[in-house]
Each structure stands twice: as C-alpha cells, then as structure tokens.
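Have a look at the structure below, then the notes.
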Amino acid sequence: MITKEFAEAFTAEWINAWNAHDIDRVLLKYRDDFWIETPRALEVVPTSGGKVFGKEAIRDYWRTSMKRRPDLHFKLLDLLVGIDSLSIYYLNTATNKRAVEMLCFDSNQKVTKVIVNYTL
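Below is the structure:
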C-alpha cells in the first residue's frame with residue numbers, strides 16, 4: 001500500500017531529480033526490468049511502438065529525449081495515490097504541456113512500470 005508520506009516524498013524527489021536533469025538519480029527508485037509506455041517514445045525511438053523495456057534502454061531513451069529538450073522543467077500540479085501505484089500530474093514548463101505519469105510499485109517500493117499520458 002502506498003502511503004501519503006511515501007507518495008509525497010517519492011514525488012518531491014522525482015520532480016527534483018528531473019529538474020536537475022539527473023537521470024541516474026531518477027532511476028534509483030526503478031527496477032532493472034521496469035518498462036514505460038509513452039507516446040514520446042514513438043518520437044524518440046520510432047520502432048518502439050511507444051514502449052521501452054529495461055532500465056538501460058530507458059536510460060538511453062531519456063538521455064536522447066533530454067538532449068532534444070534541454071530546458072525540460074516539471075511543475076507538480078497534483079498527486080493521486082492508488083493501492084500499489086501513484087500518478088503524478090505535472091506541467092512541463094518547457095513545452096507548456098500537462099502530463100500524468102502512473103507509476104506502479106513492487107513490494108520493495110521500486111517502480112515496475114510507468115504509463116504516461118499527455119495533453120493533446
């Protein structure tokens with residue numbers, strides 16, 4: 001079960017790590033075999049079908065993506081909590097687009113999968 005305290009601490013660190021452009025710091029809370037589904041992957045890795053699997057492949061995807069958007073900065077708008085998941089609703093101030101990232105966790109509070117939705 002995701003507690004309010006865990007969700008708030010995780011999200012604060014997640015936002016801070018992204019805003020510092022520190023991908024390795026972001027990945028500390030993720031399992032080696034996690035996967036992500038995001039429309040952005042289609043732009044960066046067109047053959048991905050929108051899904052990238054494994055920490056190393058995702059690290060490469062995020063690095064490439066960040067090079068394309070060096071002004072990336074997230075502003076937290078809201079945080080939603082589930083049983084073993086949380087959803088981070090944020091504004092990317094570089095693109096002025098809103099997104100929701102749903103992160104699912106294992107029993108060790110490591111991220112197992114991420115699903116991202118963006119405003120049109």
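Residue numbers (full-length UniProt numbering): 1 to 120. For every residue, glycine included, the Cβ atom is placed at its ideal position computed from N, Cα and C.
Indicate the three-state DSSP secondary structure (helix, strand or coil) for residue i in the structure shown.
i: threonine 95; result: coil
i: lysine 110; result: coil
For residue i, does the count of other Cβ atoms within 10 angstroms reach 16, so buried, or fall short, so exposed?
i: threonine 64; result: exposed
i: threonine 47; result: exposed
i: leucine 86; result: buried
i: leucine 80; result: exposed
i: lysine 113; result: buried
i: leucine 77; result: exposed
i: glutamate 101; result: buried
i: alanine 94; result: exposed
i: isoleucine 83; result: exposed
With DSSP as the reference, please indicate the residues paired to residue i in a beta bridge.
i: phenylalanine 105; result: Val111
With respect to 7 Å, is the separation between the Cβ of residue i and the closest non-hydrogen atom of the ligand FMN below this value?
i: valine 44; result: Only the bare structure without any ligand can be found here, which leaves the ligand FMN out of the picture.
Self-check item: Runs of beta strand (DSSP E) lying entirely within the UniProt domain "SnoaL-like" (13-93), each at least 3 residues, in chain order
Solution: 30-37, 51-53, 74-81 and 85-92
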